[in-house]
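Colleague: This is the structure I have questions about; it appears just below.
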Amino acid sequence: MAGPTPERLLRTVERFPTPPEADRVAEVDDLLGGTYSRMTESWYPELQRRAEAYAAGDCLREEVLEHVEAVPSFRLTDGAAPLPDRREALVTAGASVTEIAAVSEWYHQLRGLVSDNPAELSLLERVLHDFGYAVAHVLFIGASSPAQVVRRLRLAYQSVGVRIDETDSGDSGERTTFTCPYRNVAAGRYGNRWACHEKLDRVDDGYVTYLAERGIDYQRPRACARSPQCYSTVTWNNADQWWPKTPPGAVAKSE
Numbered sequence: 046m047a048g049p050t051p052e053r054l055l056r057t058v059e060r061f062p063t064p065p066e067a068d069r070v071a072e073v074d075d076l077l078g079g080t081y082s083r084m085t086e087s088w089y090p091e092l093q094r095r096a097e098a099y100a101a102g103d104c105l106r107e108e109v110l111e112h113v114e115a116v117p118s119f120r121l122t123d124g125a126a127p128l129p130d131r132r133e134a135l136v137t138a139g140a141s142v143t144e145i146a147a148v149s150e151w152y153h154q155l156r157g158l159v160s161d162n163p164a165e166l167s168l169l170e171r172v173l174h175d176f177g178y179a180v181a182h183v184l185f186i187g188a189s190s191p192a193q194v195v196r197r198l199r200l201a202y203q204s205v206g207v208r209i210d211e212t213d214s215g216d217s218g219e220r221t222t223f224t225c226p227y228r229n230v231a232a233g234r235y236g237n238r239w240a241c242h243e244k245l246d247r248v249d250d251g252y253v254t255y256l257a258e259r260g261i262d263y264q265r266p267r268a269c270a271r272s273p274q275c276y277s278t279v280t281w282n283n284a285d286q287w288w289p290k291t292p293p294g295a296v297a298k299s300e
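Everything in the sequence shown is counted per this note's numbering, starting at 46 for the first residue and increasing by one.
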């Protein structure tokens, strides 16, 4: 199954940099709009819970990845346009509290660990990924924008029995909410959503690879853990920067 070993995930989660004294946290929060406190007080405890559930076999890698991607963030750009005051605030915070840079390094390692790694896929999962990549050359031929891509995706979903529940278009991209009819396949042995997420989503990974090569970001199904419904989004790749994904040092070098 795709994903890290439970031991490796738990070790990585436990390496979260120890927060500084309360007065230093308050100093950082003044600069970063409370992002650091939201991370340490709410987001990180839930990450620990999900990592432990993953180790116990009660949580899919997808649920851990979804939470990792939902980390509280301090935006440094508006799309591709830099936000100078926020960039300066991050550099100042990084200079005064070393944990700010350490959290970025830790987050980079964590996200890389739970994201898809083709080298760690099983033979079946690699076949499904490569199948999706090959199909993408036909499915998305002539599609050159998120709106065109998402229309093709919705047809692909429907062709395998997925019900489209809601669609939304806006500045944030194209979003599709749907219900997967296979969420309970093999649930007695592997758990709910195993067929949808840990297997069928490998085909979507092939789509992700193909579209990323063409500058389009396809975020495949998310939020299925809390609802029978899932959603996916399609947007242009852009130069968004935010902490903790972007470390203070990277911002300082670009100034």
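Note that beta-carbon positions come from the ideal geometry of N, C-alpha and C, so glycine has one too. Because the structure is a prediction, the values reported are computed rather than measured.
(1) V116: which of L92, A192, V207 sits nearest, CA to CA?
(2) Kindly indicate which three-state DSSP category E111 falls into: helix, strand or coil?
(3) Give the straight-line distance between the Cα atoms of R156 and V113, rounded to the nearest whole angstrom.
(4) Please state whether the Cβ-Cβ distance between A126 and L76 is less than 8 Å.
(5) Assign T80 to buried or exposed, taking buried as 16 or more other Cβ atoms, counted over all protein chains shown, within 10 Å of its Cβ.
(6) Run through the DSSP bridge pairs and tell me what G215 is partnered with.
(7) Check the C-beta distance from P64 over to E144 and give it rounded, since I have them as a contact under 8 Å.
(8) Rounded to whole angstroms, what's the CA-CA distance from A181 to D74? Just pull it up for me.
(9) Using DSSP bridges, identify the partner residues of A126.
(10) Kindly list the residues whose CB is nearer than 7 Å to the CB of F176, restricted to its own chain and excluding five residues on each side of it in sequence; keep chain order.
(11) Just verifying my parser: in three-state terms, what is the DSSP assignment at M46?
(12) Any heavy atom of the ligand MG closer than 7 Å to the CB of S277?
(13) Quick one: what's T280 bridged to in DSSP?
(14) I think V296 touches R132, with their Cβ atoms under 8 Å apart; what is that distance to the nearest whole Å?
(15) Would you mind stating whether L184 and R199 have Cβ atoms separated by less than 8 Å?
(16) Measure the beta-carbon distance from V109 to R94 and round it to whole angstroms, keeping in mind my assumption that it falls under 8 Å.
Modeller: According to the structure data:
(1) On the sequence shown, position 71 is the one that residue 116 refers to. The shortest C-alpha separation from V116 is found at L92.
(2) Residue numbering aside, residue 111 sits at position 66 when the sequence shown is read from its first letter. The answer is helix: DSSP assigns E111 an H, G or I state.
(3) The residue labelled residue 156 in the question sits at position 111 within the sequence shown. The residue labelled residue 113 in the question sits at position 68 within the sequence shown. R156 and V113: Cα-Cα distance of roughly 7 Å.
(4) The residue given as residue 126 occupies position 81 in the sequence shown. The residue given as residue 76 occupies position 31 in the sequence shown. Result no, Cβ atoms of A126 and L76 do not sit closer than 8 Å.
(5) Taking the first residue of the sequence shown as position 1, residue 80 is located at position 35. So T80 ends up on the buried side.
(6) Translated into the one-based positions of the sequence shown, residue 215 becomes position 170. BP columns for G215 point to G218.
(7) By 1-based counting over the sequence shown, the position of residue 64 is 19. By 1-based counting over the sequence shown, the position of residue 144 is 99. Rounded, the Cβ-Cβ distance is 7 Å, consistent with contact.
(8) For the purposes of this step, residue 181 is taken as residue 136 along the sequence shown, with counting starting at 1. For the purposes of this step, residue 74 is taken as residue 29 along the sequence shown, with counting starting at 1. Whole-angstrom Cα-Cα distance: 44 Å.
(9) Working through the sequence shown from its first residue, we reach residue 126 at position 81. Partner(s): D123.
(10) In the sequence shown, counting from the first residue as 1, residue 176 sits at position 131. Excluding sequence neighbours, F176 sits near V248, G251.
(11) The sequence position of residue 46 within the sequence shown is 1, counting from 1. For M46, the pLDDT reaches just 47, beneath the cut-off of 50, and the residue's location in the model is therefore unreliable, although a value from the coordinates is still provided. Three-state result, M46: coil.
(12) Judged by which ligands are present, the structure shown has none, so any question about the ligand MG falls away.
(13) Within the sequence shown, numbered from 1, the residue matching residue 280 stands at position 235. In DSSP, T280 forms a bridge with D262.
(14) In the sequence shown, the residue the question calls residue 296 occupies position 251. In the sequence shown, the residue the question calls residue 132 occupies position 87. Confirmed, Cβ separation roughly 5 Å.
(15) Locating residue 184 in the sequence shown gives position 139, counting from the first residue. Locating residue 199 in the sequence shown gives position 154, counting from the first residue. The answer is no: Cβ separation not under 8 Å.
(16) Walking along the sequence shown from the start, residue 109 turns up at place 64. Walking along the sequence shown from the start, residue 94 turns up at place 49. Not a contact, Cβ separation roughly 10 Å.
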